[in-house]
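There are 2 protein chains.
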Amino acid sequence: MTSTRATLIEVARHAGVSLASTSRALHGTGASPAMVERVRAAADELGYSPDVTGRSLRMKKTFQVAFAVADIGNPVYVEMMTAIHEVLEPHGFRVVVLSTGPTVDSTSELVRSLGSRFVDGLVVSPLRTDDALVEEIRSAPVPVVVIGRALDEQGIDSVSTDSAGGIGQAVRHLQGLGRRRIAFLNGPLDTTPGRARQRGFDAATGREGSDGTGTRALADDFTVAAGLAAARRLLDPQDGSARPDAIVAANDLLAIGAVRAARERGLGVPTDVAVTGMDDTEIGRVYEPSLTSVSLGSAERGRAAARLMLDRLAGDAAAAQHVAIGPRLLVRESTAGTTGPTKEGA
Amino acid sequence: MTSTRATLIEVARHAGVSLASTSRALHGTGASPAMVERVRAAADELGYSPDVTGRSLRMKKTFQVAFAVADIGNPVYVEMMTAIHEVLEPHGFRVVVLSTGPTVDSTSELVRSLGSRFVDGLVVSPLRTDDALVEEIRSAPVPVVVIGRALDEQGIDSVSTDSAGGIGQAVRHLQGLGRRRIAFLNGPLDTTPGRARQRGFDAATGREGSDGTGTRALADDFTVAAGLAAARRLLDPQDGSARPDAIVAANDLLAIGAVRAARERGLGVPTDVAVTGMDDTEIGRVYEPSLTSVSLGSAERGRAAARLMLDRLAGDAAAAQHVAIGPRLLVRESTAGTTGPTKEGA
DNA sequence: CGCTGAACTGGAAACGTTTCCAACACGGCC
DNA sequence: GGCCGTGTTGGAAACGTTTCCAGTTCAGCG
Chain A
1 MTSTRATLIE VARHAGVSLA STSRALHGTG ASPAMVERVR AAADELGYSP
51 DVTGRSLRMK KTFQVAFAVA DIGNPVYVEM MTAIHEVLEP HGFRVVVLST
101 GPTVDSTSEL VRSLGSRFVD GLVVSPLRTD DALVEEIRSA PVPVVVIGRA
151 LDEQGIDSVS TDSAGGIGQA VRHLQGLGRR RIAFLNGPLD TTPGRARQRG
201 FDAATGREGS DGTGTRALAD DFTVAAGLAA ARRLLDPQDG SARPDAIVAA
251 NDLLAIGAVR AARERGLGVP TDVAVTGMDD TEIGRVYEPS LTSVSLGSAE
301 RGRAAARLML DRLAGDAAAA QHVAIGPRLL VRESTAGTTG PTKEGA
Chain B
1 MTSTRATLIE VARHAGVSLA STSRALHGTG ASPAMVERVR AAADELGYSP
51 DVTGRSLRMK KTFQVAFAVA DIGNPVYVEM MTAIHEVLEP HGFRVVVLST
101 GPTVDSTSEL VRSLGSRFVD GLVVSPLRTD DALVEEIRSA PVPVVVIGRA
151 LDEQGIDSVS TDSAGGIGQA VRHLQGLGRR RIAFLNGPLD TTPGRARQRG
201 FDAATGREGS DGTGTRALAD DFTVAAGLAA ARRLLDPQDG SARPDAIVAA
251 NDLLAIGAVR AARERGLGVP TDVAVTGMDD TEIGRVYEPS LTSVSLGSAE
301 RGRAAARLML DRLAGDAAAA QHVAIGPRLL VRESTAGTTG PTKEGA
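Order-wise, the sequence lines are chains A and B. Under full-length UniProt numbering, the first residue of the first sequence carries the number 1, and numbering increases by one thereafter. Under full-length UniProt numbering, the first residue of the second sequence carries the number 1, and numbering increases by one thereafter.
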């Protein structure tokens, strides 16, 4: 009724009982049914709702978990965030979004800022890591779950996928289709995903060195535009070597760039050039031709990370855990026999 | 050094000065340079970082702002969130993501939950509103900025766009290209966007009733699949009426569905059927053909909302403000003369 | 030299909650 | 009937911070 919010003290006064009993009746345990009834009535009447700042201070819990990534707009991270939110929300935790900044140092700084205790835990997916950052994370003042590398040996809860193996799946899929001149379209090598995927490609193609296989181009960025530019280089036989009959892209966006570059040159996809992407994004599913893509289970990784966080927050102080989400190849039009309604000429 | 975090009291003891002076030296004003120096040294030595829960309790501020939408995964909302984050972060505010739930009631409940004071303000974009919700928002315990309808008359800060006018822009663009049989592909009419866009189409086509113009189809959903199904009905002349030569879609995803449906039937886009979308999503920009789309300035609306929030939080208690972001037509391949490398037959 | 006021400092209260601890009532058991 | 344990209650402390208020110092000025 009054314009100022009711506090627990006022509820207590209104109910004619002590502050302690009021608190117990509303949240805690050890109050008689009569007391609970009485207090609840008073609370309802006053429109009481507990102030979380006081509660946080006393309980040393904020009921908040942070999710930090470099680029919140990236669909992969959006999926993770959504999944994390879905897991945590039913447990009464709110999700705070943070940005790590692009550098290792800014990420370190963020981890240090957890000392302010504005969240109970952090889920972070750093673009780049180094030993200092790992150490910083291990000694962080609140639990941290890392999405990216396996770090359980370092005493850090972590979730990872096998993007290298995923690239391998794509390569073998293409080989199974009879493609022999498989090129790799990657993003910057100084990023964790860039490096891992490169490793995967090298491993998958190393053993059979058919000609052309192993050709590579690096895009400046994991975007369509950069992919288009790099794919052009890949498809224009500059040194007389044979044109690739398949392109493995490190990313769905790069893959779309590759499809465009192929079409520019009058090449059919997948007839002349088969293309695979990675991440299984909505954009790739909807594109024409729909993209064969290696899902790295973004949502699944988010869920796993959230669950690790819940375990950790529940206080079951145990050894650091690691969850690995297997990559999964999803075959669609960009490598399959038919491309659907689009008519690509030979 | 110690495993337990240093508190302000310990810093004070360590520096040999009072608690009050310590606080002033670190944050407030009115401390001598010598004092500041001394305290800062002590704080550094102890690795002190202020605890925000204590601070929040005392200052009655959480330095957090919530952003609530029904579907966090929706690209439009992702853009808004990113923009809000970018505006708020430099001012020291963190962003908390919440989901409103699909119904008006669940949104009301969320607004009421703000009584717990876990955020200093709320930016919300409700899918549906009614008078009760508006009233709930007006009397909310913390400032609320609504993205959606203009509500300044009701005493609520708000940001809106003119999606009806945007549809009008699309219609006039197509008319300017000589298209006369313009069909409308909309989503469910019981949503705020669905209703507004329908109104826009009716207004734009009402005055000139060329044959075929005004044909409509409703998709079950704002998705590609639903758009494809509905667009098929639109393009198959079931009652002998002429086939549309243009489709205005209420959404980029619906527009993609329309493009697919056209191609299924061997129709060229834009030669036989021109298609426009709405929202200017990445997916539409990257699609082939790239989609002509009406941008509703998601990022801009997010920024505007964030700025309104900052004004309000700065306490310049003024009348409720309203910001309108004009729609902007972006012409691309799906209506322009050329469709680029894709070869559409006939 | 005394007075005023500015600049600075320290003590203590306050924010709203949970929880420790002591006190109390009461039923059951010896 | 006394005693013990269980169940319930109230007083008070505690969480970590900011800020009010009073007190102190000291320079400047009459």
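In this text, a Cβ means the ideal position worked out from N, Cα and C, and glycines have one as well. Predicted, not measured: the structure shown is a model, and the values here were computed from it.
In chain order, what residues of the same chain have a beta carbon less than 8 Å from the beta carbon of residue i, not counting five sequence neighbours either side?
i	result
A:G326	T161, D162, G165 and G297
A:A203	A164 and G168
A:A274	L174, L177, R179, D245, A246, I247, T292, S334 and T335
B:E45	H14
A:A225	G257
A:R117	K60, T62, P141 and V142
Check whether the Cβ atoms of residue i and residue j lie closer than 8 Å to each other.
i	j	result
A:L133	A:T191	no
B:I62	A:T53	What sits at residue 62 of chain B in the sequence shown is Thr, not Ile. Yes, Cβ-Cβ distance for B:T62 and A:T53 is below 8 Å.
B:A250	B:A258	no
A:R312	A:G148	no
A:G187	A:A140	no
B:V72	A:T22	With the sequence shown as reference, residue 72 of chain B is identified as Ile, and Val is not the correct amino acid for it. Their beta carbons are not under 8 Å apart, which means B:I72 does not touch A:T22 by this criterion.
B:V76	B:T100	no
A:V323	A:A306	no
B:A261	B:L228	yes
B:Y48	A:Y287	no
B:R181	B:L189	no
B:M80	B:A299	yes
residue 430 of chain B	B:V17	The question about residue 430 of chain B has no answer here: the residues shown for chain B are numbered 1 through 346.
Output needed for residue i: all residues of its chain with C-beta closer than 7 Å, excluding positions within five of it in sequence on either side, in chain order.
i	result
B:L234	A183, L185, T215, A217, P244 and I247
A:I9	L19
B:L114	L122, A140, P141 and V142
Roughly how many whole angstroms lie between the Cα atoms of residue i and residue j?
i	j	result
B:V171	B:F201	7 Å
B:S158	B:A6	43 Å
A:L88	A:L310	8 Å
A:R24	B:G302	42 Å
B:R13	B:A41	13 Å
B:V119	A:D51	11 Å
A:V39	A:P90	26 Å
B:A242	A:P289	30 Å
B:S56	B:F67	20 Å
B:L329	A:D131	49 Å
B:V123	B:V145	5 Å
A:P33	A:A43	15 Å
B:E86	B:E153	28 Å
B:P237	A:P102	54 Å
A:T205	A:E264	27 Å
A:I283	A:V97	23 Å
A:V78	B:I84	15 Å
A:G268	A:D105	45 Å
B:A31	B:E37	10 Å
A:N74	A:L26	42 Å
Going by the DSSP bridge assignment, what does residue i pair with across the sheet?
i	result
A:S99	A:V69
A:A217	A:L185
B:L122	B:A66 and B:V144
A:I325	A:T161
A:T276	A:V248 and A:T292
B:R94	B:Q64
B:L330	B:S293
Between which residues of its own chain and residue i is the CB-CB distance below 6 Å, once the five residues before and five after are set aside?
i	result
A:R285	none
A:R199	A164
A:G155	R138 and A320
B:A255	A249, V275, G277 and L291
B:S295	D280, R328 and L330
A:F93	F63 and V65
B:P270	S334 and T335
A:T223	L253
A:S125	V69, I147 and G148
Just to confirm, does residue i get its C-beta within under 7 Å of one of the non-hydrogen atoms of the ligand NAD?
i	result
A:T223	The ligand NAD is absent from the structure shown, which contains no ligand whatsoever.
In chain order, which alpha helix (DSSP H) runs of at least 4 residues are fully inside the UniProt domain "HTH lacI-type" (6-59) of chain B? 8-15, 19-26, 33-46 and 52-59
Which ranges does the alpha helix (DSSP H) cover as unbroken runs of at least 4 residues, wholly within the stretch 220-268 of chain B, from first to last along the chain? 224-235 and 252-264
If we require 4 or more residues per run, which alpha helix (DSSP H) segments fall completely within the stretch 138-215 of chain A? 163-176 and 192-206
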